[in-house]
Amino acid sequence: MERVLVTGGAGFVGANFVHHLVGRTTADVTVLDKLTYAASEASLAGLPPDRVRLVVGDVADQTAVDPLVASHDAVVHFAAESHNDNSLTDPGPFVHTNLIGTFTLLEAVRKHDKRLHHVSTDEVYGDLELDDPKRFTEDTPYNPSSPYSASKAGSDHLVRAWVRSFGVRATVSNCSNNYGPWQHVEKFIPRQITNVIDGIRPKLYGSGENVRDWIHADDHSSAVLAILERGRVGETYLIGADGEKNNLEVVRLILKLMGRPEDDFDHVNDRVGHDLRYAIESGKLRQELGWQPQFRDFESGLADTIRWYREHEDWWRPHKDRTEAAYALKGQ
Ligand code: NAD
Ligand code: DAU
């Protein structure tokens, strides 16, 4: 796979993947990204210009997508509207990008017979009870809660239908919550880190008992690369690193690592329909493809992430005030 098209490569997980791909393979990479509010060209700074180029465009625009797909060997599809809270205030862009965008890409890979990897989320499975011993597997029934997760669920169904109906060479992965560099300050961990830097108390939705299964974005990237290179066409792989933590624990850890008292946070309005718990069983990926996460210690991964935000204020500062103003309007 010498020429790889990465949609959404100027966003958080996509940018981490482009850095990973360039560092570990000889592939030339084209990033197709609409550069929405969530994107940052600066996330791609420092990559070799002879191997990475950015094309600004909409994944739902067939005239932009078709020639790009035709001129690449494989497509890795990250482009999405990704934030649950935004999907609750304005779901339209989620339907456009996550459904029409994926449909547009599928038609292009079908026409040009190209390999596709579709990046999706564990949220398609809905949520688990806190005391449920079960975790999500590839066989868990779909039961999405928010407009975001419903649009991702729909996109997964489209990919599987294109595999079965048209023989498209696609794989799907569903990953749990990522943390690491280049994540927008609207998301939980960077929001709290940058709040502490700014002298604002971290904001915990509701009681803080909600559990997320944290994985470093570089581990997500290595899993996607393994699936792209060695995954079986038509298969789905769950990606997770056994990182279950409730939100209260995460806020307290951020405060401790940043030298603040562990109770120095506010409870704010809860998210409507807030999923209680996500948890991933990633045995299929590990056994079939030999994948292992490298970031096994959440506290040290979080400390690295805090250091990154301290050292890259120029990267996140332009987004901070507008993000906090929007949260303030919702009492969050
Ligand atoms: P993000 O919001 O940080 O980045 C999304 C990127 O897609 C941005 O660069 C944006 O400009 C681009 N984009 C949006 N609409 C587009 C369009 N119409 N055409 C082209 N580009 C467009 O999101 P993220 O957190 O990096 O998530 C990337 C993918 O990974 C998504 O598909 C998401 O569902 C999936 N995922 C994310 C996580 C996570 O924890 N962040 C976990 C599992 C799966
Ligand atoms: O599980 C994978 C998903 O993880 C991805 O598909 C999504 O794209 C990604 O955004 C993420 O979704 P979440 O909704 O879990 O992530 P978020 O960072 O928005 O919130 C994480 C948890 O923290 C969630 O329980 C809500 C809570 N929260 C969030 C914010 C922004 C707070 O308590 N306070 C906050 O300020």
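Using my numbering, the letters of the sequence shown correspond one by one to residues 2 to 333. Just so it is clear, CB atoms sit at the ideal spot from N, CA and C, and this is done for glycine as well. Since this is a predicted model, take the numbers as computed values, not measurements.
Going by C-alpha to C-alpha distance, which of 279, 258, 280 and 276 sits closest to residue 301?
Minimum Cα-Cα distance from residue 301 among the listed residues 279, 258, 280 and 276 corresponds to 258.
Distance between residue 209 and residue 189 (C-alpha atoms, nearest Å):
Counting only the Cα atoms, residue 209 lies some 12 Å from residue 189.
Just the C-alpha distance for residue 310 and residue 320, rounded to the nearest angstrom, thanks.
Rounded to the nearest whole angstrom, the C-alpha separation of residue 310 and residue 320 is 13 Å.
Cβ separation of residue 278 and residue 211, assumed to be a contact under 8 Å, to the nearest whole Å:
That pair is a contact at about 7 Å.
Within this structure, are the beta carbons of residue 219 and residue 245 separated by less than 8 Å?
For residue 219 and residue 245, no; Cβs fall outside 8 Å.
Flag residue 185 as yes when its Cβ comes closer than 7 Å to any non-hydrogen atom of the ligand NAD, and as no otherwise.
At least one heavy atom of the ligand NAD sits closer than 7 Å to the Cβ of residue 185.
Is the separation between the beta-carbon of residue 42 and that of residue 55 shorter than 8 Å?
Yes, the pair counts as a contact, with Cβ atoms nearer than the cut-off.
Residue environment, residue 241, which counts as buried when at least 16 other CB atoms sit within 10 Å
Taking all protein chains in view, the Cβ of residue 241 is crowded by 16 or more other Cβ atoms within 10 Å, so the residue is classified as buried.
Closest by CA to residue 268, which one among 138, 307, 202 and 293?
The candidate whose alpha carbon is nearest that of residue 268 is 202.
Can you tell me the Cα-Cα spacing of residue 352 and residue 87, whole angstroms?
What the structure shows of the chain is the stretch from 2 to 333, and residue 352 is not part of that stretch, so it cannot be assessed.
Does the contact criterion of 3 or more C-beta pairs under 8 Å hold for the region 147 to 161 versus the region 45 to 52?
They do not touch, by the three-pair rule.
Going by alpha carbons, who is nearest to residue 141 out of 131, 125, 130 and 156?
Looking at the Cα atoms, 125 is the closest of the given residues.
I believe residue 172 touches residue 234 by the beta-carbon criterion, under 8 Å. Please report the beta-carbon distance rounded to the nearest angstrom.
Right, the Cβ-Cβ distance comes to about 6 Å (below 8 Å), so this counts as a contact.
Inter-residue Cα distance where the pair is residue 371 and residue 170
Nothing about residue 371 can be read from this structure; the chain reaches only from 2 to 333.
Spatially closest choice to residue 216 from 199, 180, 72 and 207, by CA coordinates
Of the listed residues, the one whose Cα sits closest to residue 216 is 180.
Neighbour-count burial assignment, residue 231, 16 or more Cβ in a 10 Å radius
With fewer than 16 Cβ atoms within 10 Å of its Cβ, residue 231 is classed as exposed.
Does the beta carbon of residue 11 fall short of 7 Å from some heavy atom of the ligand NAD?
Answer for residue 11: yes, Cβ within range of the ligand NAD.
Restricting to Cα atoms, I'd like to know which of 174, 224 and 251 is closest to residue 204.
Nearest C-alpha to residue 204 among 174, 224 and 251: 251.
Can you find a heavy atom of the ligand NAD that lies under 7 Å from the Cβ of residue 171?
No - the ligand NAD has no heavy atom lying nearer than 7 Å to the Cβ of residue 171.
Coarse secondary structure for residue 1, derived from DSSP in three states
Past the edges of the chain, shown from 2 to 333, lies residue 1, and the structure says nothing about it.
Whole runs of the alpha helix (DSSP H) within the region 11 to 35, excluding any shorter than 4 residues:
13 to 25, all fully within the region 11 to 35.
Would you list, in sequence order, the uninterrupted beta strand (DSSP E) runs of no fewer than 3 residues that lie entirely inside the region 39 to 77?
Here the runs fully enclosed are 53 to 57.
Under the criterion of a Cβ to heavy atom distance below 7 Å, does residue 111 qualify as lining the ligand DAU?
Of the heavy atoms belonging to the ligand DAU, none sits nearer than 7 Å to the Cβ of residue 111.
Could you tell me if the beta carbon of residue 279 falls within a distance shorter than 7 Å of some heavy atom in the ligand DAU?
Flag set: Cβ of residue 279 near the ligand DAU.
Report whether the distance from the Cβ of residue 124 to the nearest heavy atom of the ligand DAU is below 7 Å.
At least one heavy atom of the ligand DAU lies closer than 7 Å to the C-beta of residue 124.
To test your reading of the DSSP string, which unbroken beta strand (DSSP E) runs of 3 or more residues are found completely within the region 99 to 150?
When DSSP assignments are scanned along the region 99 to 150, the uninterrupted stretches of beta strand (DSSP E) that are 3 or more residues long and fall wholly within it turn out to be 116 to 122.
Other residues of its chain near residue 144: CB distance less than 7 Å, five sequence neighbours each side excluded
Hits under 7 Å: 126 and 127.
Unbroken beta strand (DSSP E) run spanning residue 239, endpoints
It spans 237 to 240 - the beta strand (DSSP E) in which residue 239 sits, taken as one unbroken run.
For residue 130, count neighbouring Cβ atoms within 10 angstroms of its own Cβ and tell me buried if that reaches 16, exposed if not.
Per the 10 Å Cβ criterion, exposed.
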